[in-house]
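Some notes on the structure that comes next.
Protein chains in written order, with our numbering: chain A, 284 to 663; chain B, 284 to 663.
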C-alpha cells in the first residue's frame, strides 16, 4: 500500500468519520493522498478515500510505520499506545503532550488550573459520594461528563438537578469514567480555532459562536457577536494555549463567556465542528490548514472572506429520515451549501451539515435553516 | 461493487484525469460516491476515489449496467459504442446527440454551419491536396487540427505557414484524422460555460477569457474584459447552443472574438479547464453543478462571488520539475489556491493549476503568477 502513495507527504489519518473525510478532500486538492486508518468499510471517509486500512486499533503501529506523519480525527485512542508509538519514533502531530491534554478531560482541567487558566470547579467521580460532596460544595445543578470522548452519536454530558438524577446517570453509565463540574451560567458559548505549525507559527480563525435559540437546532455562526476587546482576549487565550501545549494542526478552544468572564470549557486537538464553515467563509479551510500544519507546510490565510456564515448540523432523529432522500429540496435553497457525509441514518448521528454565507447574519441564518429543514423533509 | 454505493444517485464517471478527480470531490461533498471507469491505477482521479474500475473501454457496457447515470470527462471514447449503450437503455448525460457534436469536430463544424452559427471556413483533410486546395482558397497560415480530441498532453492543433510545413504535419500525424481551418485574427479567446438540466433549465457562468501575454503561461481570467453587449451576446449564443444540442451537464463554448464578431471555436460537453476558477469564484463550482445537472438535481447559483479570478495551469516541462516538490514555496504565496493532480510529471502534462482571487485583476494575476512560478521552482 505505502508504495502507491506519492513519495512526498505520506500522511496517515487515524479515524474515518466526516472530519477525516473533509481533511482527506483538502489533502487531495494539494495533490496529497492521505492513508486512512478506518474501522468499517462504510465509514464516512472510507467511502471517499481509496486504500483505507481497516484494522483493530492495536494494529496502529503497523499503520504508523508506513506513514511519515500521523494525525487524528477523534479522541478515542489509547494514550499509552500513542506514547509508545512516539517513543518508537513515529511522528505524531499533534504529539502526545497535546493529545494527553485533549483526550483526557480530567487531566486537561488539572493542567489548565495549575497553569492559572480559568476553568469551572471540577472533581473526579469514583462513585455517588463524590457527586454528593461536590454538590454540597458547589450546589446543583451539577454537570456530569465523560472523562474520555463519548463515541460518535452518544451523549457525553448530563446536567443533573438532584441526587436522584445523579445516581441514575451513574448507574446507567457505570462503564464510563465520569467527572463532575460546576454548572456555568453561560452568556455565550464561543469557539476559537487556532492552527499551529511545529515551529510555533500559528494563526487563528474568526471566532465562532454556538447558539441554541427558539428551541431550534444548534447553530454555529461566524463572526461571533462579541466586542473587539473580548475577541482579542479570546484569541490571545487560544494562541497561548496552543503554545503552552505545543499543539500542531488545529486546536479548537471551546470557551464559555460567563458573567465572570471567559472560562475554558474544552480543548480539541483536531478540526472541529465549529470550523466547518471555514470551507466557505475563509480563504483556507480548517481542514486544509490542518493538513498544511501537520506536514509543516506554510499556513494559508484565515481571515474572513464573507460578512456572515452560519452552519447547522444535520442530525439523525428517531423517525429515521435520510437527508440524501431530500437532496433535491435542499439543493433548491439557493446559496446554501449542502454537505452530506454518506452515513446510514441513526438517531443522534451527524449525517451532514449545511452552511450559508451572506451579507448579514439574519440572511445566512434563514438560508441555513431552510436548507436544514428541507433535508429533514420538512418546511421552514 | 455496485452494492457498496448509496442506493441513490449511482453516478458513473468515465475517465480518471483531473476533471474526474474534481468532479468526484464535488459529488462527495453532496454525499454521493461516484464510481470511476479508469485506465491506470495511478490515474489522477483513481488516486482519490475508492473502488475505481480499471478496464478496457470495450468493457464499458458492464460498467454502465451498474450505474444509473453515466457521464464523461473526455472525448476519447468510441461514439458508436456510446450509441449502442444508449439504445440499450443506458442513461448517458450528456446523451449521444450532444456527444457526437462535442467529440467529432468535423461533424461539429458541419452542424454549426448548417444551423447558421458563425464558424471559421473548414475542410476535411484526406491528404496533402486537400490542404493545398484549402490554402489556395483561404490563404496561409492554415490551421490543422485533429478531428477527435488529442490524448492528454499531446498536441492537437498546428498553424502551418506553407506547403512544406503542412506536409510535415501530415507526414508525422498520418495516423490521425485531421481537418483544415481558416486562420482567425483573434482579438480575444473567451469561454462561456453553461450548465443545463435534462428538462432544459440552464445557467451560465461569468465569461472567462484566455490570454497569452508577454510570452508567459496561458492565463484564464474571469470576468472577461469585454463589454456588456458582447457578454450578453456570447451568453445567449452559448445558451442557444446548449438548447440546440440538448446538452446535459456543463457545455463549454469556446468563442473567438474576431474583428468580424464572435466565431464558435469549439464545444466541449464536460467541465472545462476555463472553469476551474469557479471553485473559488462562484457559489457553486462547475464540477458541483455538472454533478447536479447530470443527476437532474436543482442547479446552484453561478454568479460571481469575487471581483477577479485568475487561473494558471501547471504544465510539465522537459526539465521534469515536480510541482509537489515545490509545494512549500507555492503555499507561501498568501491567498493563492494550489491544486495538484497527483500526476507523475511529463512534458506537456497538466500537473495542476493555481487560482487566485482578488479585488482587482492585476492583483489576482500577480498572485497566480507567483504561485505558478514557485511550483516550477522558480521566482517570479
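We put the beta carbon where it would ideally sit given N, CA and C, even for glycine.
So what does residue i bridge to, in DSSP terms?
{"i": "residue 486 of chain B", "result": "B/478"}
{"i": "residue 622 of chain A", "result": "A/636"}
{"i": "residue 670 of chain A", "result": "In the structure displayed, chain A extends from 284 to 663; residue 670 of chain A sits before or after that span and is not available."}
{"i": "residue 551 of chain A", "result": "A/535"}
{"i": "residue 462 of chain B", "result": "B/407 and B/428"}
{"i": "residue 320 of chain A", "result": "A/297 and A/336"}
{"i": "residue 641 of chain B", "result": "B/591"}
{"i": "residue 471 of chain A", "result": "A/540"}
{"i": "residue 375 of chain B", "result": "B/353"}
{"i": "residue 313 of chain A", "result": "B/623"}
{"i": "residue 546 of chain B", "result": "B/539"}
{"i": "residue 598 of chain A", "result": "A/633"}
Applying the criterion that 16 or more other CB atoms from any shown protein chain within 10 Å of the CB defines a buried residue, is residue i buried or exposed?
{"i": "residue 495 of chain A", "result": "exposed"}
{"i": "residue 470 of chain B", "result": "exposed"}
{"i": "residue 438 of chain B", "result": "exposed"}
{"i": "residue 447 of chain B", "result": "exposed"}
{"i": "residue 602 of chain B", "result": "exposed"}
{"i": "residue 398 of chain A", "result": "exposed"}
{"i": "residue 561 of chain B", "result": "buried"}
{"i": "residue 506 of chain B", "result": "buried"}
{"i": "residue 508 of chain A", "result": "exposed"}
{"i": "residue 656 of chain A", "result": "buried"}
{"i": "residue 661 of chain B", "result": "exposed"}
{"i": "residue 611 of chain B", "result": "exposed"}
{"i": "residue 353 of chain B", "result": "buried"}
{"i": "residue 324 of chain A", "result": "exposed"}
{"i": "residue 653 of chain B", "result": "buried"}
{"i": "residue 533 of chain B", "result": "buried"}
{"i": "residue 388 of chain A", "result": "buried"}
{"i": "residue 342 of chain A", "result": "exposed"}
{"i": "residue 586 of chain B", "result": "exposed"}
{"i": "residue 445 of chain A", "result": "exposed"}
Hey, could you find the ends of the beta strand (DSSP E) residue i is sitting in?
{"i": "residue 560 of chain A", "result": "It is not in any beta strand (DSSP E) - residue 560 of chain A carries neither H nor E in the DSSP assignment."}
{"i": "residue 353 of chain A", "result": "352-355"}
{"i": "residue 440 of chain A", "result": "440-443"}
Under DSSP, the alpha helix (DSSP H) around residue i begins and ends at which residues?
{"i": "residue 390 of chain B", "result": "388-397"}
{"i": "residue 574 of chain A", "result": "569-577"}
{"i": "residue 362 of chain B", "result": "362-370"}
{"i": "residue 253 of chain B", "result": "Limits of chain B in this structure are 284 at one end and 663 at the other, which puts residue 253 of chain B out of reach."}
{"i": "residue 612 of chain A", "result": "610-614"}
{"i": "residue 585 of chain A", "result": "Counting along the chain, residue 585 of chain A falls outside any alpha helix (DSSP H), and DSSP gives it neither H nor E."}
{"i": "residue 604 of chain A", "result": "That residue, residue 604 of chain A, is in no alpha helix (DSSP H); it is neither H nor E in DSSP."}
{"i": "residue 455 of chain A", "result": "446-455"}
{"i": "residue 343 of chain A", "result": "343-348"}
So does the stretch 516-530 of chain B actually touch the stretch 469-478 of chain B, counting three or more Cβ pairs closer than 8 Å?
yes
Taking beta-carbon pairs under 8 Å, can you tell me which members of the stretch 595-610 of chain A lie near chain B?
606, 607, 608 and 610
Between the stretch 401-414 of chain A and the stretch 569-587 of chain A, do at least 3 Cβ pairs fall closer than 8 Å?
No: the two stretches stay apart, fewer than three of their Cβ pairs being nearer than 8 Å.
Three or more C-beta pairs under 8 Å: does that hold for the stretch 380-399 of chain B against the stretch 355-365 of chain B?
yes
Are the stretch 312-322 of chain A and the stretch 506-516 of chain A touching by the rule of at least three beta carbon pairs closer than 8 Å?
no
Just checking, does the stretch 427-443 of chain A make contact with the stretch 456-463 of chain A on the three C-beta pairs under 8 Å criterion?
Yes, the stretch 427-443 of chain A touches the stretch 456-463 of chain A.
Tell me whether the stretch 613-621 of chain B and the stretch 636-646 of chain B touch, counting them as touching only if at least three CB pairs, one residue from each stretch, are closer than 8 Å.
yes
Where the stretch 300-321 of chain B meets chain A: residues whose CB sits under 7 Å from a CB there:
308, 311, 312, 313, 314 and 316
Please identify, using Cβ separations under 7 Å, the residues of the stretch 612-635 of chain B that lie next to chain A, in order along the chain.
614, 615, 617, 618, 621, 622, 623, 624, 625 and 635
Could you run through the stretch 328-343 of chain A and flag, in chain order, every residue whose CB is less than 8 Å away from some CB of chain B?
Correct list: 329, 330, 331, 332, 333, 334 and 335.
Select from the stretch 549-582 of chain B all residues with a C-beta closer than 7 Å to any C-beta belonging to chain A, and list them in chain order.
566, 575, 580 and 581
The stretch 368-379 of chain B: which residues have C-beta closer than 7 Å to a C-beta of chain A, in chain order?
none
Pairs of beta-carbons, one from the stretch 619-635 of chain B and one from the stretch 570-577 of chain B, closer than 8 Å: are there three or more?
no
Would you call the stretch 548-568 of chain A in contact with the stretch 297-309 of chain A, where contact means no fewer than 3 C-beta pairs closer than 8 Å?
Yes, the stretch 548-568 of chain A touches the stretch 297-309 of chain A.
Can you give me, in chain order, the residues of the stretch 473-491 of chain B that have a beta carbon less than 8 Å from any beta carbon in chain A?
none
Evaluate the contact criterion for the stretch 325-340 of chain A versus the stretch 293-303 of chain A: three or more CB pairs, one atom per stretch, below 8 Å.
yes
Closer than 8 Å, Cβ to Cβ, to anything on chain A: give me those residues from the stretch 425-449 of chain B, in chain order.
none
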